[in-house]
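As they're listed, the protein sequences go chains B and D. Numbers in my numbering are just positions in the first sequence, counted from 1, shifted up by 23. Numbers in my numbering are just positions in the second sequence, counted from 1, shifted up by 154. Every residue gets a Cβ at the ideal spot worked out from N, C-alpha and C, and that includes glycine.
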Amino acid sequence: EPEVTQTPSHQVTQMGQEVILRCVPISNHLYFYWYRQILGQKVEFLVSFYNNEISEKSEIFDDQFSVERPDGSNFTLKIRSTKLEDSAMYFCASSSYMGANQPQHFGDGTRLSIL
Amino acid sequence: AQSVAQPEDQVNVAEGNPLTVKCTYSVSGNPYLFWYVQYPNRGLQFLLKYITGDNLVKGSYGFEAEFNKSQTSFHLKKPSALVSDSALYFCAVRGGSARQLTFGSGTQLTVLP
Chain B
24 EPEVTQTPSH QVTQMGQEVI LRCVPISNHL YFYWYRQILG QKVEFLVSFY
74 NNEISEKSEI FDDQFSVERP DGSNFTLKIR STKLEDSAMY FCASSSYMGA
124 NQPQHFGDGT RLSIL
Chain D
155 AQSVAQPEDQ VNVAEGNPLT VKCTYSVSGN PYLFWYVQYP NRGLQFLLKY
205 ITGDNLVKGS YGFEAEFNKS QTSFHLKKPS ALVSDSALYF CAVRGGSARQ
255 LTFGSGTQLT VLP
């Protein structure tokens, strides 16, 4: 079964540094998402992306965050200047159609640790 | 705004017994409801969804969920639990014009041999 793949599985970064999290969505999917889960807390929506632009974003997704689909397969989340509170699991998801009845398929996540 | 509540942080059940993991939701308009399961060090795996139609929906691994509009609930059930069902279960909702999934806080299910 096709899967969403995320790299790296664990990223350790100094506070203030830039970090890029990478995702390869399922190949025929058109809609892409990033979520995060701070340890012990809920999974929270960050952003959705379709047709090379952001469709929706939450209040968490401020100016330090950006997303990009640099080629036909990758979908990236960039955090420009990391803060301690950015430490979390970051999940990428994709779906074949943004209709509300389509499930989103998730990757295994990247654990981001900010020192 | 949409929200999901999972009132139990932890559910323990003996192997072979039926299990229920509770979920209630709040959303504007028609709800689209989902259950996901998370095994250790893995992502969220889709189990089942309710969109419309029959209130009882069936999903992967023998799980099912019952949609109750009057109680705004979408409880996850399985007639006979397996030890391998032990995992973290998340209920999620989309509704109205929102595209994003809103998740509950998760319920840790432990099936005891």
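Contact list for residue i against chain B, beta-carbon separation under 9 angstroms
i, result
"residue 257 of chain D", "58, 60, 65, 66, 67, 68"
Member of the options whose CA lies at the smallest distance from the CA of residue i
i, options, result
"residue 42 of chain B", "B:106, B:83, B:28, B:82", "B:106"
"residue 137 of chain B", "B:40, B:27, B:26, B:30", "B:40"
"residue 134 of chain B", "D:255, D:195, D:241, D:211", "D:195"
"residue 186 of chain D", "D:209, D:243, D:265", "D:209"
"residue 70 of chain B", "B:32, B:113, B:61", "B:113"
"residue 157 of chain D", "D:240, D:189, D:257, D:222", "D:257"
"residue 97 of chain B", "B:81, B:85, B:110, B:52", "B:52"
Beta-ladder partner(s) of residue i, from DSSP
i, result
"residue 33 of chain B", "B:134"
"residue 28 of chain B", "B:47"
"residue 102 of chain B", "B:42, B:88"
"residue 67 of chain B", "B:59"
Closer than 7 angstroms at the beta carbon, the chain B residues around residue i
i, result
"residue 188 of chain D", "126"
Outcome for residue i when other beta-carbon atoms lying within 10 angstroms are tallied against a minimum of 16
i, result
"residue 128 of chain B", "buried"
"residue 103 of chain B", "exposed"
"residue 170 of chain D", "exposed"
"residue 67 of chain B", "buried"
"residue 38 of chain B", "exposed"
"residue 25 of chain B", "exposed"
"residue 193 of chain D", "exposed"
"residue 267 of chain D", "exposed"
Chain-ordered chain D contacts of residue i [CB-CB under 8 angstroms]
i, result
"residue 131 of chain B", "195, 196, 197"
8 angstroms Cβ cut-off: residues of chain B touching residue i
i, result
"residue 203 of chain D", "124, 126"
"residue 244 of chain D", "66"
Partner residues on chain D for residue i, Cβ-Cβ distance less than 7 angstroms
i, result
"residue 114 of chain B", "197, 198"
Contact list for residue i against chain D, beta-carbon separation under 9 angstroms
i, result
"residue 104 of chain B", "Neighbours of residue 104 of chain B on chain D: none; closest Cβ ~25 angstroms, over 9 angstroms."
"residue 79 of chain B", "252, 253, 254"
"residue 71 of chain B", "253, 254"
Closer than 8 angstroms at the beta carbon, the chain A residues around residue i
i, result
"residue 156 of chain D", "Looking at the structure shown, chain A is missing, and the protein chains on hand are B and D."
The ligand SAM heavy atom lying under 7 angstroms from the CB of residue i
i, result
"residue 202 of chain D", "No copy of the ligand SAM occurs in the structure displayed, which carries no ligand at all."
Any contact of the stretch 167-184 of chain D with the stretch 226-243 of chain D, i.e. 3+ C-beta pairs under 8 angstroms? Under the 8 angstroms Cβ criterion, the stretch 167-184 of chain D counts as touching the stretch 226-243 of chain D, having at least three qualifying pairs.
Are the stretch 159-173 of chain D and the stretch 190-201 of chain D touching by the rule of at least three beta carbon pairs closer than 8 angstroms? Contact between the stretch 159-173 of chain D and the stretch 190-201 of chain D is absent: fewer than three C-beta pairs spanning the two stretches fall below 8 angstroms.
Take every Cβ of the stretch 112-120 of chain B, pair it with every Cβ of the stretch 234-249 of chain D, and state whether three or more of those distances are shorter than 8 angstroms. The way I'd put it, the stretch 112-120 of chain B doesn't touch the stretch 234-249 of chain D; fewer than three beta-carbon pairs between them come closer than 8 angstroms.
Quick one: any contact between the stretch 72-92 of chain B and the stretch 42-60 of chain B, if contact means 3 or more CB pairs under 8 angstroms? The stretch 72-92 of chain B is in contact with the stretch 42-60 of chain B.
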